[in-house]
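Presented below is the structure to which this report refers.
Number of protein chains: 2
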Amino acid sequence: MSDPLSTVFAALADPTRRAILAMLLEDDMAVTDVAEPFEMSLAAISKHLAVLAEAGLISREKRGRVIWCRLEPDALKQASVWMQGFGQFEPVDLDAFERFLEDELRSADAGDSPPGLCPGPRDI
Amino acid sequence: MSDPLSTVFAALADPTRRAILAMLLEDDMAVTDVAEPFEMSLAAISKHLAVLAEAGLISREKRGRVIWCRLEPDALKQASVWMQGFGQFEPVDLDAFERFLEDELRSADAGDSPPGLCPGPRDI
DNA sequence: GGCATATTCAACCATGTGGTTGATGATAGA
DNA sequence: TCTATCATCAACCACATGGTTGAATATGCC
Numbered sequence: 061m062s063d064p065l066s067t068v069f070a071a072l073a074d075p076t077r078r079a080i081l082a083m084l085l086e087d088d089m090a091v092t093d094v095a096e097p098f099e100m101s102l103a104a105i106s107k108h109l110a111v112l113a114e115a116g117l118i119s120r121e122k123r124g125r126v127i128w129c130r131l132e133p134d135a136l137k138q139a140s141v142w143m144q145g146f147g148q149f150e151p152v153d154l155d156a157f158e159r160f161l162e163d164e165l166r167s168a169d170a171g172d173s174p175p176g177l178c179p180g181p182r183d184i
Numbered sequence: 061m062s063d064p065l066s067t068v069f070a071a072l073a074d075p076t077r078r079a080i081l082a083m084l085l086e087d088d089m090a091v092t093d094v095a096e097p098f099e100m101s102l103a104a105i106s107k108h109l110a111v112l113a114e115a116g117l118i119s120r121e122k123r124g125r126v127i128w129c130r131l132e133p134d135a136l137k138q139a140s141v142w143m144q145g146f147g148q149f150e151p152v153d154l155d156a157f158e159r160f161l162e163d164e165l166r167s168a169d170a171g172d173s174p175p176g177l178c179p180g181p182r183d184i
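As given, the protein sequences belong to chains A and B, one line each in that order. Heads up, the first sequence is in my numbering, so the first residue is 61 and it goes up one at a time. Heads up, the second sequence is in my numbering, so the first residue is 61 and it goes up one at a time.
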């Protein structure tokens, strides 16, 4: 890619990566744990994490043999400012985000997963 | 692609398409006029416009032999809510967006374009 | 040391993306 | 009607992306 804004938007354009970010919203995670709920290889998840790190959306720190992934929300700021400029939406509404995530998870639950488990790789 | 959010982010992940959206922010434009400042073929711009329309970010209306493109900012709303949830940024700051655009244009001007002309296909 | 675990690397494959050129279909205007 | 203009379509190309598998590299633990 090239410019930071393009890199960030491209990183966000994949549901697996967005789901990873949503997982990291709760807490830092090791790569293996990030990969666990997804039905793809660890190598694939590792690539996704590399894309997210390249975009600055996460950082990775090696402690022992485990690599911990941490959300870096600042990387979203420039992109968010860009979008806000177009939308002229009402003031920030974090509740709207939580409702959005809940709706997404609920509709995904109807499909392919036993209830009551942790979120998993849904279309977030 | 697949889900709307992915489609929107993918559409935004290209600087040409973001520049087009910035142009449409000022006024509706015909396809030929959209293409004019870019150094690529009309067909390429037509494809970009198709991507933007697919994402719902613009609409196209044919009047006579001219197709008018209009910005559809509502398509950004869902994506914006998503991002806000991660960023927990300070309240919406439209001034920040304008400064951002200005900075982008200024830094681009240093590069490849005679001064004083209309914005053109910069890295917006 | 030796083995198991954590993560990435490398090679490969199918598909998507961004661009080109040339042909094609509408429509406006002389 | 003839011609020029507006826009897309179709075929093609180079390259990026998202996935796989198998090997390689580190590190922790017995």
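Every residue gets a Cβ at the ideal spot worked out from N, C-alpha and C, and that includes glycine.
Rounded straight-line distance, which links the Cα of residue j to that of residue i
i, j, result
"D134 of chain A", "A139 of chain B", "17 Å"
"L85 of chain A", "A82 of chain B", "31 Å"
"R120 of chain B", "D93 of chain B", "14 Å"
"A115 of chain A", "A71 of chain A", "7 Å"
"E96 of chain A", "V68 of chain A", "24 Å"
"R77 of chain B", "V141 of chain A", "17 Å"
"A79 of chain B", "W128 of chain B", "17 Å"
"V111 of chain B", "R123 of chain A", "43 Å"
"P64 of chain A", "P75 of chain B", "10 Å"
"G145 of chain A", "G145 of chain B", "17 Å"
"M89 of chain B", "F98 of chain A", "44 Å"
"L109 of chain A", "H108 of chain B", "28 Å"
"L102 of chain B", "A103 of chain A", "40 Å"
"A113 of chain A", "D87 of chain A", "16 Å"
DSSP state of residue i mapped onto helix, strand, coil
i, result
"R123 of chain B", "strand"
"L117 of chain A", "coil"
"A90 of chain B", "strand"
"L131 of chain A", "strand"
"R78 of chain A", "helix"
"L177 of chain B", "Note that L177 of chain B has pLDDT 30, beneath the 50 cutoff, so the model's placement of it is unreliable and the number below is only indicative. The answer is coil: DSSP assigns L177 of chain B none of H, G, I, E or B."
Near the ligand NAD: residue i beta-carbon under 6 Å from a heavy atom
i, result
"S101 of chain B", "Ligands in the displayed structure: none, and consequently the ligand NAD is not present."
Residue i: first and last residue of the uninterrupted alpha helix (DSSP H) it sits in
i, result
"A104 of chain A", "L102 to E114"
"P97 of chain B", "Per DSSP, P97 of chain B belongs to no alpha helix (DSSP H) and is neither H nor E."
"A71 of chain A", "P64 to L72"
Presumed contact (8 Å Cβ cut-off) between residue i and residue j, rounded CB distance
i, j, result
"I105 of chain B", "V91 of chain B", "7 Å"
"L131 of chain B", "I118 of chain B", "6 Å"
"A73 of chain A", "S66 of chain B", "5 Å"
"M143 of chain A", "M100 of chain B", "At roughly 25 Å, the Cβ-Cβ gap does not stay under 8 Å, so M143 of chain A and M100 of chain B are not in contact."
Can you give me, in chain order, the residues of the segment 76-107 of chain B that have a beta carbon less than 9 Å from any beta carbon in chain A? For the segment 76-107 of chain B, which is checked against every Cβ of chain A, the residues closer than 9 Å are R78, L81, A82 and L85.
Check distances from the C-beta atoms of the segment 62-75 of chain B to those of chain A and list, in chain order, the residues that come in under 9 Å. Those would be S62, D63, L65, S66, T67, V68, F69, A70, A71, L72, A73, D74 and P75, in chain order.
When Cβ atoms are compared, which residues of the segment 136-147 of chain A fall closer than 9 Å to chain B? The residues in question are L136, K137, Q138, A139, S140, V141, W142, M143, Q144, G145, F146 and G147.
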